[in-house]
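Under our numbering, the first residue of the sequence shown carries the number 5, and numbering increases by one thereafter.
Below: one structure, written as structure tokens.
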Amino acid sequence: MTGDGPRFVWIDGSIRAAGEPHLTVFDRGFQLGDGVFETLRARAGRTIELAEHVARLRASASALAIDLPDGVGALLETGIDELLAAEGLDGADGDASIRITVSRGSWASRGLLPPSDLQLRPTIAIQAWPVLPPPADHLERGLSLVVSSIRRDPANPVVTLKTTSRADYVYARLEARRAGAEDAVFLTMSGHLSESTTANIFLVRRAADGVEELATPALDCAILPGTTRSWLLRWAGGAGLRPFEGWLTRDELAAASEAFVCSSVAGVLPVTRLNGHAIGDGTPGPWTLRARADRDAVFGSR
Ligand SMILES: Cc1ncc(COP(=O)(O)O)c(C=O)c1O
């Protein structure tokens with residue numbers, strides 16, 4: 005291992021030094037990307053929306069017939085507490101991003117199909133990193149997105165799961181880097197907005213009836229059902245924006261008064277350019293900054 009990463013990992017019930025070997029090469033997560041994961045945040049040693057993340061982990065695992073152990077929620081809660089304490093991220097100013105990874109487990113045989121006559125024991129790992137504030141210019145200037153060449157099929161049952169098979173997302177990120185952008189946004193097969201490589205996307209616009217809306221692609225637009233997305237849809241009404249979930253085009257994103265992406269780890273981040281063209285006036289919008297501030301106020305500031 006290289007770099008100044010975490011000093012420890014939690015794996016299958018115990019804390020281990022980060023630099024020592026943890027997995028067999030036969031692990032199907034390594035061989036096939038046959039696994040699922042979650043990323044979440046903890047402030048001052050307290051996880052944010054852990055129950056929602058465990059529920060989504062269960063849903064992803066269940067869709068792939070990965071058998072999670074009974075009481076996995078309590079196991080993960082204990083594991084996160086132990087790891088945050090070991091890393092010194094549980095203090096009053098602790099701000100951690102946490103990754104929970106579950107692979108189907110190891111199996112010495114070749115091939116895609118897991119055995120039908122025995123359940124493999126899943127490998128469960130937890131990692132934690134200190135969260136650094138986003139670069140100032142991401143908040144002041146906003147993110148630049150490009151449209152990925154990869155189209156997403158809403159009929160694909162795997163596309164809405166948080167699986168460890170992330171080749172499409174890595175490919176899209178490389179496309180963004182080559183174009184000098186921070187991230188890429190996926191479109192569906194019909195050319196509608198889906199999501200970015202690690203976040204859900206929102207735009208603010210004035211609807212035909214004159215009401216200001218907070219609009220985001222619907223759950224059937226090949227998106228991950230984001231926990232931050234759900235929070236923002238609940239937040240919108242109270243803040244004075246009408247929430248809208250539906251099918252949105254890239255032209256509607258380009259014509260929005262403002263736009264942002266959101267995830268548990270990064271929170272709300274302004275998006276000010278699409279394929280090199282300004283969205284709105286090309287600066288982070290007031291609703292975006294308010295959404296970020298309001299979420300920080302609820303879950304602890306940063
Ligand atoms: C592809 C994708 N979409 C959306 C999200 C946002 O989900 P959440 O708000 O639950 O972090 C993530 C975050 O992990 C993601 O990887």
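Every residue, glycine too, gets a C-beta built ideally from N, C-alpha and C.
Remember, predicted model here, so these are calculated numbers, not experimental data.
Quick check: the Cα distance between residue i and residue j, rounded to an integer number of angstroms?
i	j	result
G275	W291	According to the sequence shown, residue 275 is Val rather than Gly. About 12 Å.
P119	T201	32 Å
E217	F30	50 Å
W133	P139	17 Å
L223	P229	6 Å
V151	A129	33 Å
S169	G115	16 Å
W251	W235	20 Å
A180	D187	5 Å
M193	L237	25 Å
R306	D141	Below a pLDDT of 50, predicted positions are generally treated as unreliable, and R306, at 49, falls in that range; no measurement from the model is reported.
S66	D285	44 Å
T164	I19	31 Å
R254	L207	11 Å
V174	I154	11 Å
T167	G33	10 Å
D157	L61	22 Å
I205	F303	20 Å
Can you tell which of the options has the C-alpha that lies nearest to the C-alpha of residue i?
i	options	result
V135	T127, G284, G271, L278	G271
F41	V189, G98, L124, T105	T105
E307	E186, T287, A301, T231	Residue 307 lies beyond the stretch modelled for the chain, which goes from 5 to 306, so this question has no answer here.
V189	W235, S234, L278, A211	L278
R46	A112, D94, R294, A176	Note that residue 46 is Ala in the sequence shown here, rather than Arg. Per the Cα distances, D94.
A69	A295, I19, G109, R299	G109
G83	R103, A67, G241, A65	R103
A211	R125, F248, T127	F248
P137	A282, S101, I52, D8	S101
E24	R32, F34, V13, G33	V13
D298	T232, A258, G75, F34	T232
G289	G146, G9, G39, P158	G146
Whose C-beta lies closer than 7 Å to the C-beta of residue i among residues of the same chain, with five residues either side of it excluded?
i	result
V215	R246
A185	S148, L149, V150
G77	V58
L36	L116
If you count every other CB in all the chains shown that lies within 10 Å of the CB of residue i, and 16 or more means buried, which is it?
i	result
G17	exposed
D213	exposed
A301	exposed
D97	exposed
R11	exposed
A260	buried
V58	buried
L44	buried
H196	buried
P161	exposed
T220	buried
Quick one: residues in its chain with C-beta nearer than 6 Å to the C-beta of residue i, no 5 flanking neighbours on either side, listed in chain order?
i	result
A203	V265, C266, S267
A243	none
Please confirm if residue i has its CB atom under 8 Å from at least one CB of chain E.
i	result
L80	Chain labels in this structure do not include chain E; a single protein chain is all it has.
Could you spell out where the beta strand (DSSP E) holding residue i opens and where it closes?
i	result
T276	271-278
S101	99-107
A263	262-267
Starting from residue i, trace the alpha helix (DSSP H) in both directions and tell me its first and last residue.
i	result
L93	No alpha helix (DSSP H) contains L93, which DSSP labels as neither H nor E.
W291	290-303
T314	Lying before the first or after the last residue shown, residue 314 is absent from the chain, which here runs from 5 to 306.
D187	Run containing D187: none in the alpha helix (DSSP H); it sits in the beta strand (DSSP E), 187-192.
V337	Residue 337 falls outside the range modelled here, since the chain spans only 5 to 306, and no answer is possible.
V58	54-67
Any heavy atom of ligand 3 closer than 7 Å to the Cβ of residue i?
i	result
A297	Here the bound small molecules are ligand 1; ligand 3 is not part of this structure.
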